[in-house]
Amino acid sequence: MHYYWEAPYGVLLWQDSTFDLASRFGLSWEEFVGTGANDGVVQKWLARIWWLYLACAVLSLTVRRTSRFQISGLVLGSGLLIWLSYAKYVAAIRQPPMFIEHGGQMLIPILLVLALVFGVRHRCTTIMAMIALIMTFAGHGLYAVGAWPTPASFSAMTTLILGVEYPTTQTLLRIAGTLDFIVCLGICFPLTRKVSAVYATAWGFLTAIARPVAGMSWQLNYWGADQYLHEAVLRAPHFLIPLYLLLIWREPKDEPL
């Protein structure tokens, strides 16, 4: 994503306080922002940050439980994702749901670290997964029920995919938002956590693929995959985390949390 599209960190870096910090290291205004003909420090740094994410992606596939270096790299990756989510939150005029709904994406590296260090069935691992799930669905729910202005993309995707009118779309979003909150509660109780995890897995998968389904077209270059496919990949934790919980809780030896 960062290699192909501009990273959204500008809202955090294009600030007087950031320039004041840079000036302490001897950077002039032209060196910091660029001259028009040449990129400044900010543009150059943003153009290269994708290497860090690529390194973290490789680490997630090769990490070993005994390697502190690799474990530390994954923790750093989680920090990068938190920073990314914070940038989106600031760009959204500091609407809390914008940050909260990225909980699954922010915490997925930490969840992998806990699974490696303590085990996939350890209490710390499952609790972290539950926190990530609750954050994601609570954030979506707050937007869907209209507690904060519902993003236009929510309505647009629902209308395009289902072919319904705007009033029906709003009703469906309110219902989906209410179910999001029910999942957040249900996942906390042994009696309802399995069915909640089933719903969260299914709904998380549907919302992850909604953007490419709504946006991709045969008429677009690369069928629009370059614009929308990464959106589904970014949201994979929305269904992978509840799927993990479902598999753990299906084990007969599992003990209630």
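Following UniProt numbering, the numbering of the sequence shown begins with 1 at its first residue and continues without gaps. Using N, Cα and C, we set each Cβ at its ideal position, and we do this for glycine too. Note that this is a predicted model, so its numbers are computed, not measured.
How long is the line joining the alpha carbons of residue i and residue j, rounded to whole angstroms?
i	j	result
Thr201	Leu185	15 angstroms
Lys88	Val195	32 angstroms
Gln219	Pro109	36 angstroms
Phe32	Ala47	14 angstroms
Gly58	Arg235	Reading the sequence as shown, one finds Val at residue 58 and not Gly. Their Cα atoms are separated by approximately 18 angstroms.
Leu107	Thr192	24 angstroms
Trp223	Gly26	47 angstroms
Trp5	Tyr53	14 angstroms
Pro97	Ile161	24 angstroms
Ser189	Ser28	Note on residue identity: the sequence assigns Phe, not Ser, to residue 189. Answer to the nearest angstrom: the Cα atoms are 57 angstroms apart.
Trp148	Gln95	8 angstroms
Ala152	Ala208	16 angstroms
Tyr9	Ala92	13 angstroms
Val120	Leu111	9 angstroms
Ala197	His122	18 angstroms
Ser60	Thr159	36 angstroms
Asp20	Glu30	13 angstroms
Ala7	Ala225	18 angstroms
Lys44	Glu231	24 angstroms
Please classify residue i as buried or exposed, where buried requires at least 16 neighbouring CB atoms within 10 angstroms.
i	result
Leu247	exposed
Cys124	exposed
Pro256	Since pLDDT at Pro256 reaches only 47, below the 50 mark, its modelled position is unreliable, and the value read off the structure follows with that caveat. Counting Cβ neighbours within 10 Å, Pro256 comes out exposed, since fewer than 16 surround it.
Asp180	buried
Asp254	Low local confidence applies: a pLDDT of 47 at Asp254 is under 50, so the model's placement there is unreliable, and no value is given.
Ala55	exposed
Ser17	exposed
Glu101	buried
Gly77	buried
Val233	exposed
Leu137	A small correction: the amino acid at residue 137 is Phe; Leu does not occupy that position in the sequence shown. Result: buried.
Tyr228	buried
Thr163	Checking the sequence, you will find Gly at residue 163 rather than Thr. Gly163 should be labelled exposed.
Arg250	exposed
Gly141	buried
Pro242	buried
If you follow the alpha helix (DSSP H) that residue i is part of, which residue opens it and which one closes it?
i	result
Gln227	Ala225 to Leu234
Leu133	Arg123 to Ala144
Leu162	Ala152 to Leu162
Thr178	Tyr166 to Gly186
Val58	Trp50 to Thr62
Leu243	Pro237 to Trp249
Ala91	Arg68 to Ala91
Met106	Gly103 to Val117
Tyr199	Arg193 to Gly215
Ser11	According to the sequence provided, residue 11 is Val. The question's Ser does not apply to it. Start and end: Gly10 to Leu13.
Phe99	Pro96 to Ile100
Asp16	Asp16 to Ser23
Find out if the Cβ-Cβ distance for the pair residue i, residue j is shorter than 8 angstroms.
i	j	result
Tyr199	Ala129	no
Thr169	Ser155	yes
Phe239	Gly204	yes
Val42	Val90	no
Ala144	Ala176	yes
Tyr86	Phe99	yes
Leu116	Val63	yes
Gly103	Gly139	yes
residue 275	Pro237	Examination of residue 275 is not possible in this model, given that the chain is present from 1 through 257 alone.
Thr150	Leu172	no
Between residue i and chain C, is there a C-beta pair that is closer than 8 angstroms?
i	result
Leu142	Here there is only one protein chain, and chain C is not present.
I think residue i touches residue j, with their Cβ atoms under 8 angstroms apart; what is that distance to the nearest whole Å?
i	j	result
Leu133	Ile49	With a Cβ gap of about 28 angstroms, Leu133 and Ile49 do not count as contacting.
Tyr82	Val113	First, the residue type needs correcting, since residue 82 is Ile and not Tyr in the sequence shown. That belief does not hold up - the Cβ atoms of Ile82 and Val113 are roughly 14 angstroms apart, past 8 angstroms.
Return yes when the C-beta of residue i is under 7 angstroms from any heavy atom of the ligand ZN, and no when it is not.
i	result
Ala92	This structure simply doesn't include the ligand ZN, nor any ligand for that matter.
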